[in-house]
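Student: The structure follows.
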Amino acid sequence: MQDDGDIDQNDITTAAASTDPSQGLVAVRALRTLADRLEEVQVASAREQGWSWQAIAEVLQISRQAVHQKHSAREKHRAQENQGSSTRTT
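To convert, take the position in the sequence shown, counting from 1, and add 3; that gives this note's numbering.
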């Protein structure tokens with residue numbers, strides 16, 4: 004098992020079931036990383052489909068402010084990149 008957070012599913016399962024706290028904590032870190040990446044992808048998808056920050060927050064069971072604070076900067080960055088690429092092609 005690697006200790007860099009990039010472990011495969013079998014390693015995560017083994018680590019999570021381990022009685023060795025260092026192995027179990029590696030699994031926790033890997034799962035958090037996976038959950039963060041999945042949240043980022045799904046929030047972006049929801050926003051692209053017109054979901055409000057409030058609707059996303061309700062599904063995630065967090066405040067609208069928390070989801071907006073965590074993800075709005077990425078949305079603004081993507082919008083700026085898209086705007087920049089559209090002005091270069093016209």
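The C-beta atom is built at its ideal place from N, Cα and C for all residues, glycine as well.
Fair warning: this is a prediction, and the values are worked out from it, not measured in the lab.
1) As a quick exercise: from D23, A18, R50, H74, pick the residue whose alpha carbon is nearest that of D39.
2) What are the boundary residues of the alpha helix (DSSP H) that W56 is part of?
3) Between which two residues does the alpha helix (DSSP H) holding D14 run?
4) Please report the distance separating the alpha-carbon of D11 from that of R32.
5) With a threshold of 8 Å between beta-carbons, can Q64 be considered close to chain D, or not?
6) Using three-state DSSP, classify G27 as helix, strand or coil.
7) Could you have a look at Q45 and say whether DSSP puts it in helix, strand or coil?
8) In terms of alpha-carbon separation, which member of S25, N13, A76, T36 lies closest to R50?
Tutor: In short:
1) Position 36 of the sequence shown, counting from 1, holds the residue named residue 39. That would be H74, whose Cα lies nearest to the Cα of D39.
2) Here residue 56 is taken as the residue at index 53 of the sequence shown, counted from 1. Where W56 is concerned, the enclosing alpha helix (DSSP H) stretches over 56 to 63.
3) Here the question's residue 14 lines up with position 11 in the sequence shown. Residues 12 to 20.
4) As a working note, residue 11 is residue 8 in the sequence shown. As a working note, residue 32 is residue 29 in the sequence shown. Cα to Cα, the separation comes out at about 13 Å.
5) Absent from the structure: chain D. Only one protein chain is present.
6) As a position in the sequence shown, residue 27 is number 24, starting the count at 1. G27 falls in the helix class under three-state DSSP.
7) Stepping through the sequence shown from its first residue, residue 45 is reached at position 42. Helix.
8) As a working mapping, residue 50 is identified with position 47 in the sequence shown. Ranking S25, N13, A76, T36 by CA distance to the CA of R50 puts A76 first.
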